[in-house]
Amino acid sequence: MNFIKTLLKNIGHGMSIGIGAGLTAGVIVTFLTLYLQDIIFDTREEKVLMAKITEDREVIRNGTTVILGKVTNTSDEAFRSLSIDADLFDENGTFVEKCHTYVADLYPEKSENFKITCKKNCDSNKTVEHSSYKLMPSGF
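All residue numbers for the sequence shown refer to the numbering used here, where the first residue is 10 and numbers rise by one.
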């Protein structure tokens with residue numbers, strides 16, 4: 010009988026320790042995850058703001074819109090991959106098309122030329138009719 014009491018007592022202690030350790034680990038992981046997410050996403054937003062479009066112009070080549078420009082990294086860290094999106098708008102300001110290009114390995118205080126080619130689809134050389142565009146860099 011003492012054996013069963015001792016066994017149940019030890020099982021109870023083990024469960025208490027296990028539950029306590031599990032809850033502690035869960036709380037620590039939850040807070041670390043939330044804290045690190047804030048750091049990662051805040052840093053990324055700040056870093057994206059450090060990619061500046063310093064020149065851009067629109068040209069038409071064989072009926073296709075081509076946006077040429079220059080992007081500068083004004084941060085103190087390199088961008089491993091930088092996407093530059095061009096949103097096209099009609100005369101009413103309504104979004105009509107999105108085009109993009111990528112720039113790789115843009116180092117601090119350096120600039121890189123880019124070219125965005127906008128087509129209706131893969132089989133067409135024509136671009137959707139538009140009257141303006143907006144450029145937005147994003148990357149990491």
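All C-beta atoms, glycine included, are put in the ideal place defined by N, C-alpha and C.
- Where M145 is concerned, the enclosing beta strand (DSSP E) starts and stops at 141 to 148.
- Considering only D65, T33, E121, the residue with the shortest C-alpha distance to R89 is E121.
- Residue nearest to V105 within the set D96, T81, T126, A30 is D96 (criterion: CA-CA distance).
- Secondary-structure assignment with DSSP links H109 through a beta bridge to D94.
- Within a 10 Å sphere around the beta-carbon of V38 sit fewer than 16 other beta-carbons, which makes this residue exposed.
- N122 sits in a strand when the DSSP states are folded into three classes.
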